[in-house]
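In structure tokens form, the structure reads like this:
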């Protein structure tokens with residue numbers, strides 16, 4: 003083995019030359035002119051031409067696998083093998099706008115596209131292709147405004163008996179105002195994703211920077227934690243399903259106190275919000291509706307809503323006494339994509355209002371599905387409603 | 003397409019259940035008992051049993067690919083296909099300790115292992131297997147000590163006309179001492195890696211937290227930037243090779259001023275250090291030796307050293323006037339792994355001392371190759387020598 007690793011060492015030593023000379027990777031660069039009017043997917047590695055997207059949202063794929071018997075693209079279909087060892091695929095028509103996870107399937111093995119960046123979704127590190135909005139929206143892109151930081155923090159959890167990691171967005175002005183205190187939004191990822199999702203896929207730091215720079219949102223901290231937890235306390239049940247999960251308890255007993263101890267927060271109910279997407283929306287409803295005196299704002303993005311005919315009884319009947327609930331909660335935000343069967347959530351929002359719940363806001367994201375463009379838009383709608 | 007994406011939405015909606023119930027991924031969980039005395043590679047996804055490592059550093063691999071004709075592991079060799087669709091491989095003997103990048107090669111296609119975490123190395127997102135140190139060293143692991151933060155920051159670069167990203171480690175006490183100022187170490191990744199390397203592969207935040215908690219290193223900021231840059235100024239040459247590259251100019255003209263503006267730094271020569279690994283060591287020598295009045299400490303980890311017979315002439319003869327150089331530089335640290343042909347670097351270090359250069363420190367990492375365990379150890383040796 004050792005000799006092999008000496009060869010590896012030599013190979014790695016040479017990488018910078020190959021890299022900085024910006025040579026295409028052998029065999030992987032198409033020897034052809036890409037179709038007119040197409041652009042590389044923004045999640046490709048720098049310099050990788052495929053997959054590509056055109057202005058109408060059609061996708062174009064080329065993948066080099068001369069020795070493979072069968073190459074497919076997950077959620078799409080089989081590619082066609084060409085004589086030169088390249089496989090090709092073109093979408094039947096425009097794809098739904100937004101960020102879509104995918105894997106390459108090579109002779110039955112699903113793996114991340116080696117020519118792309120990787121994102122944690124589908125419970126593993128996968129690839130993503132993004133169909134841009136026709137409008138060319140800028141709200142989630144980096145702009146020439148003051149930029150906040152995203153801070154990675156490790157903390158000990160007694161409940162899980164483990165070191166956990168969270169990310170904390172601090173607004174651009176945070177270090178310039180060493181005495182000022184800030185409200186906090188707790189913002190959760192979806193199932194199969196993790197605490198990296200809101201920054202890497204969601205561009206939440208750009209969304210917050212831009213909203214704050216325009217004066218649309220007040221400067222706030224945003225805490226993104228890991229929505230998975232196993233209760234390690236003596237006598238804890240092994241079951242850690244979404245409804246029996248211990249995560250909501252961790253939010254209230256461990257994460258909030260840790261954040262209030264380490265950051266200049268306004269540590270009271272009226273300066274605390276929670277929201278999340280899909281599973282994170284469910285976590286938000288579980289956490290906030292069991293602790294209505296801890297939060298003043300709540301948001302479910304493509305998640306969290308229940309069945310309209312159970313409003314009176316759900317979450318221990320919290321919505322049955324609308325007057326009491328309205329005293330505690332300033333906002334119940336429900337957002338969803340128009341392409342992911344929004345009816346159930348719309349009816350739930352209407353049901354809450356009919357039940358006397360005030361300040362219910364329903365947002366339906368045009369033309370988007372169960373993916374990050376829906377959730378970027380939800381955050382862009384939700385954050386301006388907080389703390390003002 | 004839209005119907006497909008509605009199916010995808012439904013599938014993603016179900017992910018949390020599958021995930022939190024911790025079901026093995028269909029077909030990917032071995033139906034057998036792993037060899038006694040082996041542990042899952044620490045870079046596997048949670049719950050993934052393979053690859054595995056034993057106490058002697060032998061590696062054990064199982065990969066499910068019933069339809070593949072040939073499956074290999076990069077830098078190792080072909081796997082053996084079993085009747086049940088699983089492919090197996092075992093190392094001939096113990097592997098070199100440390101973190102080794104790898105890819106799975108499925109019918110000729112090299113891709114990250116879908117059962118593992120991904121790291122940016124080899125100019126793409128690849129997998130890693132780690133052979134632990136026999137000693138079970140703790141210095142780079144998270145311990146029960148005060149933890150600093152790793153802060154992600156975006157900044158505009160005039161030279162490249164682009165938004166760039168860096169990571170800044172701030173020591174645990176940074177926010178508790180709003181008036182205190184800190185020295186800064188600029189720390190660079192290697193070729194084929196990026197600004198995420200020192201935290202994700204190098205665990206630099208744990209190394210610094212532990213050194214500072216033990217009082218071995220003074221609290222300092224550590225700035226990790228991206229060692230690739232293309233000069234976009236009018237008249238700039240297209241050539242951006244390592245030696246003609248513009249990165250050293252970016253360090254001095256853009257990164258250092260940006261850091262001194264945004265953090266409470268001690269913004270002078272005696273409180274500034276730079277180090278890097280492999281290509282980053284070369285960047286360090288290029289930057290520091292062209293700006294000896296800007297830095298007091300420099301380190302090359304498996305990189306940066308030159309040919310001993312060129313000491314008098316290299317870098318515009320900077321070492322020819324040893325007395326002048328010694329006035330400017332308090333430390334020249336040269337580290338390398340014993341398994342990556344260290345002789346050239348050792349001779350260079352001896353040559354510098356023979357030429358009258360003071361405070362040359364040579365460190366040879368026992369039993370390690372051109373990989374991150376060598377560089378973690380180098381940082382662990384280097385940081386205590388700074389600013390005190």
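Protein chains in written order, with this note's numbering: chain A, 3 to 390; chain B, 3 to 390. C-beta atoms are modelled at their ideal positions from N, C-alpha and C, and glycine is treated no differently.
{"Check": "Nearest candidate by alpha-carbon position, reference residue 175 of chain B, set B:191, B:147 and B:106", "Outcome": "B:147"}
{"Check": "Interface partners of residue 71 of chain A on chain B, CB under 8 angstroms", "Outcome": "69, 71 and 109"}
{"Check": "Option in B:159, B:199 and B:208 with minimal Cα separation from residue 234 of chain B", "Outcome": "B:159"}
{"Check": "Residues of the segment 135-149 of chain B whose Cβ lies closer than 8 angstroms to any Cβ of chain A, in chain order", "Outcome": "144, 146 and 149"}
{"Check": "Within 8 angstroms, strictly: CB atoms of residue 183 of chain A and residue 268 of chain A", "Outcome": "yes"}
{"Check": "Neighbouring residues, chain B, relative to residue 156 of chain A (Cβ below 7 angstroms)", "Outcome": "144 and 149"}
{"Check": "Any non-hydrogen atom of the ligand COA closer than 7 angstroms to residue 85 of chain B Cβ", "Outcome": "Absence of the ligand COA from the depicted structure is noted, as is the absence of any ligand whatsoever, leaving it without description."}
{"Check": "Cβ-based contacts, 9 angstroms cut-off: residues of the segment 156-171 of chain B near chain A", "Outcome": "156, 157, 158, 165, 169 and 170"}
{"Check": "C-beta contact flag for residue 313 of chain B and residue 353 of chain B at 8 angstroms", "Outcome": "yes"}
{"Check": "Interface flag, residue 112 of chain A vs chain B, CB-CB below 8 angstroms", "Outcome": "yes"}
{"Check": "Test item: CB-CB of residue 75 of chain A and residue 62 of chain A under 8 angstroms", "Outcome": "no"}
{"Check": "One or two residues paired with residue 380 of chain B in a DSSP bridge", "Outcome": "Answer is none; residue 380 of chain B lacks a bridge partner."}
{"Check": "Between the CA atoms of residue 105 of chain A and residue 385 of chain A - distance to the nearest angstrom", "Outcome": "33 angstroms"}
{"Check": "The segment 337-356 of chain B: positions lying closer than 9 angstroms to chain A by Cβ", "Outcome": "339, 341, 342 and 343"}
{"Check": "Beta-carbon spacing of residue 142 of chain A, residue 205 of chain A below 8 angstroms", "Outcome": "yes"}
{"Check": "Contact under 8 angstroms by Cβ, residue 220 of chain B with residue 189 of chain B", "Outcome": "no"}
{"Check": "Inter-residue Cα distance where the pair is residue 196 of chain A and residue 332 of chain B", "Outcome": "44 angstroms"}
{"Check": "Where residue 327 of chain A falls: helix, strand or coil (DSSP)", "Outcome": "helix"}
{"Check": "Residue 56 of chain B - containing beta strand (DSSP E), residue span", "Outcome": "54-56"}
{"Check": "Proximity of residue 2 of chain B and residue 297 of chain B at Cβ, strictly below 8 angstroms", "Outcome": "The question about residue 2 of chain B has no answer, for chain B in this structure spans 3 to 390."}
{"Check": "Coil, strand or helix - residue 346 of chain A by DSSP", "Outcome": "helix"}
{"Check": "Buried versus exposed, by CB contacts within 10 Å (16 or more), residue 211 of chain B", "Outcome": "buried"}
{"Check": "is_contact[residue 381 of chain B, chain A] using C-beta, thresh 8 angstroms", "Outcome": "no"}
{"Check": "Touching by the beta-carbon criterion (3+ pairs, under 8 angstroms), the segment 254-273 of chain B and the segment 336-353 of chain B", "Outcome": "no"}
{"Check": "9 angstroms Cβ cut-off: residues of chain B touching residue 153 of chain A", "Outcome": "151, 152, 153, 154 and 172"}
{"Check": "Environment of residue 50 of chain A [buried if 16+ CB atoms lie within 10 Å]", "Outcome": "buried"}
{"Check": "Three-state secondary structure (DSSP) of residue 40 of chain A", "Outcome": "strand"}
{"Check": "Spatial neighbours of residue 303 of chain B in its chain, beta-carbon cut-off 6 angstroms, leaving aside the 5 residues before and after", "Outcome": "279, 283, 337, 377 and 380"}
{"Check": "Minimum Cβ-Cβ distance from residue 180 of chain A to chain B less than 8 angstroms", "Outcome": "yes"}
{"Check": "Pair within 8 angstroms by beta-carbon distance, residue 286 of chain A and residue 308 of chain A", "Outcome": "no"}
{"Check": "Contacting positions in the segment 38-55 of chain A - beta carbon closer than 7 angstroms to chain B", "Outcome": "47"}
{"Check": "For residue 56 of chain B and residue 79 of chain B, believed in contact at Cβ under 8 angstroms, the rounded distance", "Outcome": "At roughly 19 angstroms, the Cβ-Cβ gap does not stay under 8 angstroms, so residue 79 of chain B and residue 56 of chain B are not in contact."}
{"Check": "Chain-ordered neighbours of residue 119 of chain B on chain A, where CB pairs are closer than 8 angstroms", "Outcome": "127"}
{"Check": "Boundaries of the beta strand (DSSP E) in which residue 277 of chain B is found, first to last residue", "Outcome": "274-279"}
{"Check": "Cβ separation of residue 254 of chain A and residue 293 of chain A, assumed to be a contact under 8 angstroms, to the nearest whole Å", "Outcome": "5 angstroms"}
{"Check": "Per-residue DSSP class, three states only, for residue 78 of chain A", "Outcome": "coil"}
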